[in-house]
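Please read the structure below before turning to the comments.
Right, dumping it as structure tokens:
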């Protein structure tokens with residue numbers, strides 16, 4: 145949602161940013177930073193990796209801003225963030241795999257407990273479901289994962305997704321259909337369900 149339209153339109157903010165206004169560019173970042181991080185997290189599957197990709201995406205947006213020639217800025221911005229995530233994923237695949245840092249994992253879950261007013265049991269149950277969902281999404285092929293995230297998580301329509309991913313409308317629909325079907329199969333797989341839900345079968 146654009147949050148600076150009361151006194152100035154987004155197009156005016158973009159024009160100011162293209163002329164070098166740091167303040168205008170910061171307004172654009174504040175408007176889209178949540179969207180950028182959410183998409184990056186769904187693609188990368190990790191908070192730190194998503195933050196790094198988001199930051200690099202912002203830098204690329206800044207460097208490419210003068211190349212923006214109109215149309216949906218949101219779609220243009222999102223495409224840069226997604227491409228940056230893909231660059232990071234390709235780089236990570238070339239690096240030696242690193243062991244899971246259990247201390248970091250435990251710290252993240254402990255932080256969730258401290259920050260929430262929910263009971264520890266409810267909080268852990270909810271986050272177990274969230275983690276399971278993210279793990280399931282991460283198992284999808286990249287081209288299916290991104291259309292699923294854009295459609296079912298971020299609410300982009302088919303036309304916008306086609307523009308962002310630079311593919312035909314029919315391709316978007318078929319990839320989304322395959323992604324949803326595959327995700328459904330993953331989610332009902334017994335080994336990926338939290339213990340509470342396995343016991344109900």
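In the working numbering, the protein residues as written are 145 to 345.
Don't be surprised by glycine CBs; every beta carbon is placed ideally from N, CA and C.
Since we're looking at a predicted model, the values are computed, not measured.
When burial is assigned at 16 or more other CB atoms within 10 Å of the CB, is residue 292 buried or exposed?
buried
Limits of the alpha helix (DSSP H) - the one that residue 178 falls within
166-188
Need the endpoints of the alpha helix (DSSP H) that residue 317 sits in, please.
313-331
Same chain, Cβ closer than 6 Å to residue 279, five either side skipped, listed in chain order:
none
Once you ignore the five residues that flank residue 150 on each side, which residues in its own chain have a CB closer than 6 Å to its CB?
Because residue 150 carries a pLDDT of 46, less than 50, the predicted location of this residue cannot be relied on, and no value is offered for it.
What are the start and end residues of the alpha helix (DSSP H) that includes residue 287?
First-last of the alpha helix (DSSP H) with residue 287: 286-292.
By the three-class DSSP mapping on this structure, what secondary structure does residue 230 have?
helix
Grab me the residues of residue 159's own chain with a C-beta within less than 6 Å of its C-beta, minus the 5 sequence neighbours each way, in chain order.
none
Given 8 Å as the limit, is there contact between the region 282-296 and the region 200-209, that is, 3 or more CB pairs closer than that?
no
For residue 308, is the classification buried or exposed, using 16 other Cβ atoms within 10 angstroms of its Cβ as the cut-off for buried?
buried
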